Every structure is written in structure tokens, then in C-alpha cells.
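> Supplied in C-alpha cells, the structure appears directly below.
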């Protein structure tokens, strides 16, 4: 293994880790949606890995096309920039729509009291909400949420900005093996970092008492997702 390949491999691991860690859009949507959608640990991990793989592979495919046809890095960066802007606006829009839906759901789910009159001038009351009852009654196995698919599409649109200019093109100048190895290291570290942060937060949030906020979990999730998009738009995170 050449010294240049060692340097590129180390750079790929470092960039993959810090690029993911410093980009809250890589993990906050999964943390928020896992909590609001009551996803299992297995489902949360699977969706995170699939979205991470789609995120990396979309840039890999574009990079391979550029390398194969000899496109300049600048031309690919224009495409990546367009994809990034599109993904950001879709993320913001999805978060806003989900936030509004969550607020409406929370208002419908507001607990209220019914009084029941009995003989001898006695009465009693009970507090309940209609929404949860209806959710449990009408929920079926065939009712699949579209949220994971929306996240997957957003992550396919979202580019891995440092991958093509910093890693793929330099590695491609050496050999196909170097290109494959550097890209694999970057992708693996990116996905593992996403998964590590999401899984740590999954267990951490589960021990925090959030009963009072239960009605607002969907609205909170939507706000977090939208704010992720806005932070990318304003600060380029």
C-alpha cells in the first residue's frame, strides 16, 4: 500500500466522520422521527443505514460518471450544489408540513372531561381524548407510513460534498482499487457515524420522562427537521 493511499484513506475516514458529526441533518431527522413515530430499535437502525447508503451512493454514482466521461470537477460541483439546494428545500418543506400536521393532531388529541349524571343527584366524570382511541381502533398492518420513503428520497438528493473533489478524483488518478478503497472507507465511516449517533440518542431519549410532551412529539419532530434544513441554508452545515 502506497503512502499516498494511506493518506487518502486516513483523510476519507476523518472527513467522513467530521462531515457527518458536524451536519445535524445526518442524524437529527432520524432521532426525531423515531421518537414521534414510535419506531422500534431495528426499524430506526435500518432506516438510518438505508438513508445513509443512499446518501453516499448517489454521490459515488455521479462521481463515477464524471470520472468515466472525463468531466471536470467544477462541472460536477455545479450538479452537487443544485442537488444540495433541492434537498435542503425539500427537507424544510417536509418539516413544515409535518409540523403543521403535528400541531393539528395535538389539538385534536387534547384531553377533555365528560360528566355523567346518575340518580340521587350524583355524577362523575372521566378524562380522555378521542384521537388516541381512533388511532388504536383503525390502525392496521397495511397502513404504512410514507415518512421513511420521504427521508430516503431527501438523502438520495443530498450530496456528500467532500467525496468527489477531495477523495474520488485523487484516488482515481492511481487505480480503480484505490478509488474503491477510499470511497468504501468514506461511506462506511459516514454510515457508522450516523448509526452511532442515532442509536445513542435512541437509548438516551428513552430514559427521559416526556409524558407531558407526548401530544406534541410529531410537531416537535417537524420543527427539528425544518430547522435542520434552515441551518444548512443559512450556515452551510
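Residue numbers (my numbering): 9 to 245. No residue lacks a Cβ here, since even glycine has one placed at the ideal position from N, Cα and C. Note that the coordinates shown come from a computational prediction; the quantities given were computed from them, not determined experimentally.
(1) Within this structure, are the beta carbons of residue 235 and residue 96 separated by less than 8 Å?
(2) Ignore the nearest five residues each way along the sequence and tell me which others in residue 66's own chain have a CB closer than 6 Å to its CB.
(3) Is it buried or exposed, residue 82, if we count other Cβ atoms within 10 angstroms and call 16 or more buried?
(4) Which of the three DSSP states, helix, strand or coil, is assigned to residue 202?
(5) What is the DSSP secondary structure of residue 236, reduced to helix, strand or coil?
(6) Assuming residue 34 and residue 109 are in contact, meaning their beta carbons sit under 8 Å apart, how far apart are those beta carbons, in whole angstroms?
(7) According to DSSP, is residue 35 part of a helix, a strand, or is it coil?
(8) Evaluate residue 174 with the Cβ neighbour count: other Cβ atoms within 10 Å of its Cβ, from every protein chain shown; 16 or more gives buried, anything less gives exposed.
(9) Looking only at C-alpha atoms, which of 210, 188 and 114 sits nearest to residue 36?
(10) Taking the straight line between their C-alpha atoms, what separation do you get for residue 85 and residue 72?
(11) Would you say residue 168 and residue 201 are within 8 Å of each other, going by their C-beta atoms?
(12) Of all the options 243, 20, 10 and 60, which has the alpha carbon lying nearest to the alpha carbon of residue 193?
(13) What's the gap between the Cα of residue 15 and the Cα of residue 176?
Straight from the coordinates:
(1) Against a cut-off of 8 Å, the Cβ pair of residue 96 and residue 235 comes out as no contact.
(2) 164, listed in sequence order.
(3) Answer is exposed; the Cβ neighbour count stays below 16.
(4) Look at residue 202 here: in three-state DSSP terms it is helix.
(5) Three-state result, residue 236: helix.
(6) Residue 34 to residue 109, Cβ: 24 Å. No contact.
(7) The answer is coil: DSSP assigns residue 35 none of H, G, I, E or B.
(8) Buried: at least 16 other Cβ atoms inside 10 Å.
(9) Residue 210 is the option with its Cα nearest to residue 36.
(10) Answer to the nearest angstrom: the Cα atoms are 13 Å apart.
(11) Not closer than 8 Å, so no.
(12) Per the C-alpha coordinates, the member of 243, 20, 10 and 60 positioned closest to residue 193 is 20.
(13) Between the alpha carbons of residue 15 and residue 176 lies a gap of roughly 13 Å.
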